[in-house]
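One structure is given here, and the rest of the page talks about it.
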Amino acid sequence: MKSKKPAGYRILILILVLLFGLAMPAYALEAAAAETEEAETEAADAEAPSAGIDQLYSYTFSLEGDTYTLPFPVAYLLDKGWSFVSESQDTMLAPKEMSWDESLSFEDLELRVRLKNFSDSDLSYEQADVVGISVYPSYSSEREVAFELPGEIKAGALVKDIIAIYGQPNYESDYEINYGHDGYAGLSIELDRNEKNEAIARSFSYISVFLPASPEDIDGLDLKDVPDIADYIPPEELGIKLANMVVSLDGKLLRMPAPLSELLTDGWKVAYLYGGSYDDSTVIDPSTSLTVYLTKGNAVLQTTVLNQSRTEKVQLENCRLITIGERLKDGYADQANLVVAQDIGIGSDRRSVVLLYIDLKPDVSVYGTLETYSIDCYDGTTSVSIEDDAVIEIQIRTGW
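The opening position of the sequence shown corresponds to residue 10 in my numbering, with each subsequent residue numbered one higher.
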């Protein structure tokens, strides 16, 4: 029996019309929307929590017989004899900055950690907090790191048993399963096969970049759990540096991650909320991110917003924009007029992009005629894609 179509169904049809115009017939648009609705329904069913999912999202694990809960001071590991492989312990992190994965060793064992500075002052790596940990098989040691997740999940566990405990993952393939979203909080498990050709856990990456329920749990630091939106200071100019994470959206200057309210007061409207409906009373659960479609005239903007609080529900408008982007598809742009440093936008020439990135040592990927330049900025990632010597896509993602 077909279910009644949700209120957002018609809105999604309108979004598709705005995106593709008359390039697709009406029946094709409705079919596309129906597929999206079905996919969302399946995703919602797949994400139904099991009894063990609360344990998973406690971010508590056992390492070499000791119990830890993310985030925690890296000093706890250093006191147990772990040390930085690259002797990077004196590397500094700016306030709120997060590191890339750093290797730690203990005797013949090795693992990787991701560090974050939650304070308002510069801190060294050895003063920072662990927000992510990755444990993987060793090819040089006779023994493996003793690592165990809630529910007694460890390397070699059958995937079917993991799913029985944690429920259906958000993403599943022959090589990996993921619980959580956006790389900010959750669990990623790389897979292998045992002698019976059954899928088993091979390695783990466990991460939570948010504050704990009680900020004082982090070594007594005095931290704000609920970011004050009033603290947001709009930028005065676009500037010339990508690392400033300042963009212009239809003429509105934003410093990412900006409050969604900055766009709502500039004429943008919430057209579609992935996984729910929207009105002025809509609140978002703690540590939750979700996709929001915004419209302004003929422009359509897909964003991801995040409630940064670990403990409090907040109104949607007070969530932070953590991703925004614009792309050219079949000759038609989103018309959001997204511009980054040095006035780079959709249609800008390749030379301008190369000059912007030339001193930044970007990651460059080439796929056919498509070139993508990406850099990891102070608080996120900016990528620009070029085809036929012109910019066709810009994506901004913050490090929250």
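Where a beta carbon is used, it is the ideal one built from N, C-alpha and C, also for glycine.
Selection from the options that minimises the alpha carbon distance to residue i
i	options	result
P104	D131, S112, T78 and F81	D131
N316	G306, V309 and S296	S296
P178	L365, I62 and V363	I62
G165	G141, L273, Y175 and L200	L200
P318	L65, R121, S217 and I198	The identity of residue 318 in the sequence shown is Ser, whereas the question assumes Pro. S318 has its Cα closest to that of S217, out of L65, R121, S217 and I198.
L65	V122, N206 and I171	I171
Presumed contact (8 Å Cβ cut-off) between residue i and residue j, rounded CB distance
i	j	result
Y215	L196	5 Å
L269	L325	6 Å
M265	L330	6 Å
F81	V139	6 Å
K89	D75	7 Å
P146	E153	6 Å
T313	T300	6 Å
F213	L124	Going by Cβ atoms, the distance from F213 to L124 rounds to 18 Å, so no, they are not a contact pair.
Residue burial classification, residue i (beta-carbon count within 10 angstroms, cutoff 16)
i	result
R406	buried
L379	exposed
A345	buried
A173	exposed
D398	exposed
F83	Reading off the sequence, residue 83 comes out as Val, not Phe. V83 should be labelled buried.
N126	buried
P243	exposed
E425	Outside the modelled stretch of the chain, which goes from 10 to 409, sits residue 425, for which no answer is possible.
G356	exposed
V348	buried
L364	exposed
V400	buried
V94	exposed
T50	Reliability fails at T50, whose pLDDT of 44 lies under 50, so the model's placement of it is uncertain and the value that follows must be treated cautiously. The residue is exposed, with fewer than 16 neighbouring Cβ atoms inside 10 Å.
G141	buried
T274	exposed
Residue i (DSSP reduced to helix, strand or coil)
i	result
E321	coil
D352	helix
I401	strand
D99	coil
E135	helix
Y215	strand
A308	strand
V94	coil
V83	coil
D201	strand
K278	strand
Y77	strand
S128	coil
Residue i versus residue j: straight-line alpha-carbon distance, rounded
i	j	result
Q351	S383	16 Å
G260	S97	42 Å
D393	K250	The sequence given here places Val at residue 393; Asp does not occur at that position. So the two alpha carbons sit approximately 14 Å from each other.
Y148	L167	22 Å
Y302	V279	6 Å
E335	D110	29 Å
I333	S290	24 Å
E119	S112	7 Å
A208	R202	5 Å
I293	C328	8 Å
A194	L282	21 Å
Y188	L79	16 Å
S374	S361	18 Å
Y184	F70	23 Å
A267	S298	14 Å
E73	W91	11 Å
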